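For what it's worth, my numbering labels the leading residue of the sequence shown as 363, then goes sequentially.
One structure is given below, encoded as structure tokens.
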Amino acid sequence: MGEWFRNIWYAVKTVAQGLWVTLVTMGKTYQRKTFTHIYEYPEVPVPVKARYRGFHRYDLTTCIGCDKCAGACPVDCIYIDKEKATVGKGFRINGFTIDYTKCMFCALCVEPCPVDCIFMGSNFDLSCYSRDGCIVDYAKLPLETAWGRT
């Protein structure tokens, strides 16, 4: 019988300790005046820090089709469709697709680009109803959308 009461006392004591830690942390939050700001999200964009790693921005006009970004991607979510240019040297980019269902936003694709045509943007909203909506082909987007101006 004494064992049973000890187990009940131990359970009550550990729950009380956990609640005490929670209350102390909550008190520190209110003491520092660090409340979260409320933003009317669709109308007012939520501000992000300068080095925030959001969805990629891609400049089709400067891309040389070197495939270094696709090679550096650890999850293979970048697909580049290119063909040999008929005039001059180099490639013509037909498709630059990023599968955001796989992308982990590590920014390893940004560093190896020799012409800096891909970089991390500040947009973080890719709301869609299916997984196909998370596959973005930057070569088929209007230039303003690809650069995040709309």
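Even glycine gets a Cβ: it sits at the ideal position worked out from N, Cα and C.
Being a predicted model, the structure only gives us computed values, none of them experimental.
(message) Distance check for TYR392 and TYR372, CA to CA, integer angstroms please.
(response) Against the sequence shown, residue 372 aligns to sequence position 10. Against the sequence shown, residue 392 aligns to sequence position 30. Between TYR372 and TYR392, the C-alpha separation is close to 31 Å.
(request) Assign TYR414 to buried or exposed, taking buried as 16 or more other Cβ atoms, counted over all protein chains shown, within 10 Å of its Cβ. (result) Along the sequence shown, read from residue 1 onward, the residue named residue 414 stands at position 52. Result: exposed.
(message) When you compare the CB positions of ILE442 and ILE460, do they come within less than 8 Å of one another, or not?
(response) For the purposes of this step, residue 442 is taken as the residue at position 80 of the sequence shown. For the purposes of this step, residue 460 is taken as the residue at position 98 of the sequence shown. The answer is no: Cβ separation not under 8 Å.
(message) Beta-carbon within less than 8 Å of GLY433's beta-carbon, same chain only, minus the 5 sequence neighbours each way: which residues are those?
(response) Counting from one through the sequence shown, the residue named residue 433 turns up at place 71. Closer than 8 Å at Cβ, skipping near neighbours: PRO474.
(request) Work out the CA separation of ARG368 and THR376 for me, nearest whole Å. (result) Locating residue 376 in the sequence shown gives position 14, where the first residue counts as 1. Locating residue 368 in the sequence shown gives position 6, where the first residue counts as 1. Each residue's Cα considered, the two are about 12 Å apart.
(message) Buried or exposed for THR512, going by 16 or more other Cβ atoms inside 10 Å?
(response) Mapped onto the sequence shown, residue 512 falls at position 150. Unreliable placement is indicated for THR512, whose pLDDT of 49 sits below 50; the coordinate value is still reported in the next sentence. Burial call: exposed.
(request) Would you kindly check if the distance between the Cβ of PHE467 and the Cβ of GLY427 is under 8 Å? (result) The sequence position of residue 427 within the sequence shown is 65, counting from 1. The sequence position of residue 467 within the sequence shown is 105, counting from 1. It is not a contact, given that the beta carbons lie outside the stated cut-off.
(message) At the level of alpha carbons, what is the spacing between TRP382 and VAL374?
(response) Numbered from 1 along the sequence shown, position 20 holds the residue referred to as residue 382. Numbered from 1 along the sequence shown, position 12 holds the residue referred to as residue 374. Their backbone Cα atoms lie some 12 Å apart in a straight line.
(request) Tell me, to the nearest whole angstrom, how far the beta carbon of PHE486 is from that of GLY416; I am working on the premise that it is less than 8 Å. (result) Walking along the sequence shown from the start, residue 486 turns up at place 124. Walking along the sequence shown from the start, residue 416 turns up at place 54. 5 Å between Cβ atoms; contact.
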